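Below: the structure, in C-alpha cells.
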Amino acid sequence: MSKPRWFQVLTEGNLDGNCEKHCCGFRKNIFRFESCDVVCLEGINPYHIQPHVRVLTMFDLNAIELDQISDLFDCSQIQNNGYVGGKEMIALRPWRDCVRSTEGCTKHVGGVNSKFCSFTCKIEHVLEHEGDLSSIARLWSENDSRETSEHVGDLSIHPCGDPERIFPFKKRVF
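The sequence shown: position 17 = 21 (my numbering), numbered continuously.
Shown next as C-alpha cells:
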C-alpha cells in the first residue's frame, strides 16, 4: 500500500510545540497539505490559499476539527470523540489498543454509524481496499472566493507529494 506523503507527515510528524520562527507564542500545529509542513497561525498566508487542518489535543490524543477535515474528505463512519472549544473533533491517530479488521476497528468504536476510531484508520482502510482515496476525497475550495486554478488538485493520489501535481494553485497577484 502506497501512502501519500501528506498522510505520512500528518500522521507521523510532531505536530506540537511553540513556533520558533515567528516568536509569536502560538503553537505550531497547523498542517498545510500543499507544502506538506506544519506552521503556526502566523504561517498562514491569506493570499495563497491551500487546504489545512489544525491539530489539537483531546484526551491526550492529537485530534482534528471535523468541519475542517470534512471539507477535504468524507469523514462519515469515523467516531466522534468529543468537543474542544465548541468544535466537534475526531482523533487523528488510532486509539490505544485499536485492532483493525477487514471491516474496520474492533475496539474503541462506539455509535450507530461509527466503523473507525480515527481518521488514520479510515484512510489506511480505504488505501488497502481501494488503492487510492478517490472514493472519499473531495474537491477543495469549491465555495472559496479567492483565486484558484481551474483544476483543483487530487488528494487521493500522487504519493510522491509533489505540490505542483497535487495542488496546482495560483497565487493571487495584486
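Glycine is no exception: its CB is placed at the ideal position from the N, C-alpha and C atoms.
As the structure is a prediction and not an experimental result, all values here were calculated from the model.
Asked                                                                                             : Found
N- and C-terminal bounds of the beta strand (DSSP E) containing residue 92                        : 91 to 95
Span of the beta strand (DSSP E) around residue 61                                                : 56 to 62
Residue burial classification, residue 50 (beta-carbon count within 10 angstroms, cutoff 16)      : exposed
Residue burial classification, residue 33 (beta-carbon count within 10 angstroms, cutoff 16)      : buried
Beta-carbon proximity of residue 59 to residue 66, cut-off 8 Å                                    : yes
Where residue 47 falls: helix, strand or coil (DSSP)                                              : helix
The segment 80 to 94 contacting the segment 42 to 49, beta-carbon criterion three pairs below 8 Å : no
Beta-carbon gap between residue 91 and residue 103 smaller than 8 Å                               : no
Residue 37 beta carbon less than 8 Å from that of residue 54                                      : yes
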